[in-house]
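A.B. asks: Chains as they are written, first to last, in our numbering: chain D, 289 to 404; chain H, 1015 to 1130. Where is the CB? At the ideal position from N, CA and C, for every residue including glycine.
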Amino acid sequence: AQTVTQSQPEMSVQEAETVTLSCTYDTSESDYYLFWYKQPPSRQMILVIRQEAYKQQNATENRFSVNFQKAAKSFSLKISDSQLGDAAMYFCAYRSAREYGNKLVFGAGTILRVKS
Amino acid sequence: DTEVTQTPKHLVMGMTNKKSLKCEQHMGHRAMYWYKQKAKKPPELMFVYSYEKLSINESVPSRFSPECPNSSLLNLHLHALQPEDSALYLCASSQTLAGGNVDTQYFGPGTRLTVL
């Protein structure tokens, strides 16, 4: 079974600075998808960014980018120019490309605090 | 419009009550999901519906009964719950259960359930 590990329970960043959240995963599959979801205190899970494993190019969405290292099974999220609205719980998630059901395997989450 | 709505936002119920949670999406998605989330933990998948048919039941106790009356609506009927069932219940939808770009799950804001 696949597992996702987020080794940082909490992180802090000063407003306008850059922070990187770590995520590693374990799988024997070669084709899969990876996601970062954000859950602010308002509770709604919001998709931040996704990466297809077959794509070598790292995904980017505005201030959010990933460093996808397939051989190392690492999928870190970099947030540039951090804003107060970035404060949230961030979940890394894995989805198999082969298994039926579109199931997401989540990491334990990282709480990001943004200081003004 | 990538919106999934859930009602009610909060629900308090006794162990002998019967209540229902409602989830709605108008994105034309044909897959819908129920998750349970405890505080500061990742969501746990409960049920998956595909084209209004139950596709996955993650061994959820029978006191939780899902229903998908049509392609836009998903209900979760609750009966004889236990205090440990208190949690945030999240609904999500995706275009289908297939892989590729169609598989991204969009989440609703959740219902905060308290069982007394």
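Sort out for me which residues DSSP pairs H/Thr1128 with in a bridge.
C.D. replies: In the second sequence, residue 1128 of chain H corresponds to position 114, counting from 1. Beta-bridge pairing links H/Thr1128 to H/Val1026.
A.B. asks: Considering only C-alpha positions, which residue in the set D/Lys358, D/Ser404, D/Leu392 and D/Arg401 is nearest to H/Pro1057?
C.D. replies: Here residue 1057 of chain H is taken as the residue at index 43 of the second sequence, counted from 1. Ranking D/Lys358, D/Ser404, D/Leu392 and D/Arg401 by Cα distance to H/Pro1057 puts D/Leu392 first.
A.B. asks: Would H/Gln1109 and H/Met1029 be called neighbours here (beta carbons separated by less than 8 Å)?
C.D. replies: Taking the first residue of the second sequence as position 1, residue 1109 of chain H is located at position 95. Taking the first residue of the second sequence as position 1, residue 1029 of chain H is located at position 15. Result no, Cβ atoms of H/Gln1109 and H/Met1029 do not sit closer than 8 Å.
A.B. asks: To the nearest angstrom, how far is it from the Cα of H/Asn1084 to the Cα of H/Leu1059?
C.D. replies: Locating residue 1084 of chain H in the second sequence gives position 70, where the first residue counts as 1. Locating residue 1059 of chain H in the second sequence gives position 45, where the first residue counts as 1. When rounded, the distance between both Cα atoms is 21 Å.
A.B. asks: Which residues in chain D sit within 8 Å of H/Thr1128, going by Cβ to Cβ distance?
C.D. replies: Indexing the second sequence from 1 puts residue 1128 of chain H at position 114. What H/Thr1128 touches in chain D: nothing, since even the nearest Cβ is about 14 Å away.
A.B. asks: Select from the region 1066-1082 of chain H all residues with a C-beta closer than 7 Å to any C-beta belonging to chain D, and list them in chain order.
C.D. replies: Residues passing the 7 Å Cβ filter: Ser1069 and Ile1070.
A.B. asks: Below 6 Å CB to CB, which residues in the same chain sit around H/Leu1130 once its five sequence neighbours on both sides are set aside?
C.D. replies: Along the second sequence, read from residue 1 onward, the residue named residue 1130 of chain H stands at position 116. Cβ neighbours of H/Leu1130 beyond the five flanking positions: Gly1028.
A.B. asks: In three-state DSSP terms, what is H/Pro1097?
C.D. replies: Locating residue 1097 of chain H in the second sequence gives position 83, where the first residue counts as 1. Helix, per DSSP.
A.B. asks: I want to verify the contact list: residues of chain D whose CB lies under 7 Å from the CB of H/Thr1019, in sequence order.
C.D. replies: Mapped onto the second sequence, residue 1019 of chain H falls at position 5. Result: empty, since nearest Cβ-Cβ is about 11 Å, beyond 7 Å.
A.B. asks: Taking only three categories from DSSP, how would you classify D/Leu392?
C.D. replies: On the first sequence, position 104 is the one that residue 392 of chain D refers to. Coil.
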